[in-house]
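The sequence shown runs 11 to 112 under our numbering.
By construction, the Cβ of each residue, glycine as well, lies at the ideal position given by its N, Cα and C atoms.
Since the structure is predicted, the reported quantities are computational estimates derived from the model, not experimental observations.
Inspection log for the structure reproduced underneath, given as structure tokens.
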Amino acid sequence: MGHWVYEFTGCPDSGDYQQIVDADEPGDVVLRERPRGLGIVDGFVRESVDDLMRVARFQWVTSGDPSTVAPAVLQVSGLSPLARRDARPVRTGSELDTSDCA
């Protein structure tokens with residue numbers, strides 16, 4: 011495993027930001043729980059990966075209840091619902107915690 015920088019863009023409520031994640035490689039989609047979000051998640055689709063710099067860029071798709079966000083994000087990404095294993099939960103704090111990374 012190594013450290014990756016995930017860049018999230020386009021979320022109307024949180025703005026653009028970066029997060030360090032400990033993972034082998036980025037998945038196609040990320041479902042990120044909002045801080046104090048009471049079960050609300052943001053769904054992002056991977057736009058690009060720079061393997062040399064270890065930077066993955068994700069574009070926001072939708073927010074809401076996880077049961078509606080996950081299918082919407084998978085549809086935009088072109089993945090089938092059976093590909094949910096490619097979704098990666100990402101912590102919203104600045105700390106690095108590998109327990110939430112797939």
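Among M11, G12 and T19, the one whose alpha carbon lies nearest that of E57:
Out of M11, G12 and T19, the CA that lies nearest to the CA of E57 is found in T19.
Compute the Euclidean distance between the alpha carbons of E105 and V86, then round it to the nearest angstrom.
Its pLDDT being 38, under 50, E105 is placed unreliably by the model, and nothing is read from it.
Can the beta-carbon of V15 be found less than 9 Å from the beta-carbon of G53?
Contact flag unset, no.
Nearest residue (CA-CA) to L84, options R67, G37 and L62:
Nearest to L84 by C-alpha distance, out of R67, G37 and L62, is G37.
Beta strand (DSSP E) segment containing S73, residue limits:
That run of the beta strand (DSSP E) goes V65 to G74.
Give every residue of the same chain whose Cβ lies closer than 6 Å to the Cβ of Q28, excluding the five residues on either side of it in the sequence, and list them in chain order.
Its chain contains V15 and E17 as the residues whose beta carbon lies nearer than 6 Å to that of Q28, once the 5 sequence neighbours on both sides are disregarded; these appear in chain order.
Quickly, what does DSSP pair Q28 with across the bridge? List them, please.
Note: Q28 sits in a beta bridge opposite E17.
I'd like the span of the beta strand (DSSP E) that includes D52, first residue to last.
Counting along the chain, the beta strand (DSSP E) containing D52 begins and ends at V51 to D60.
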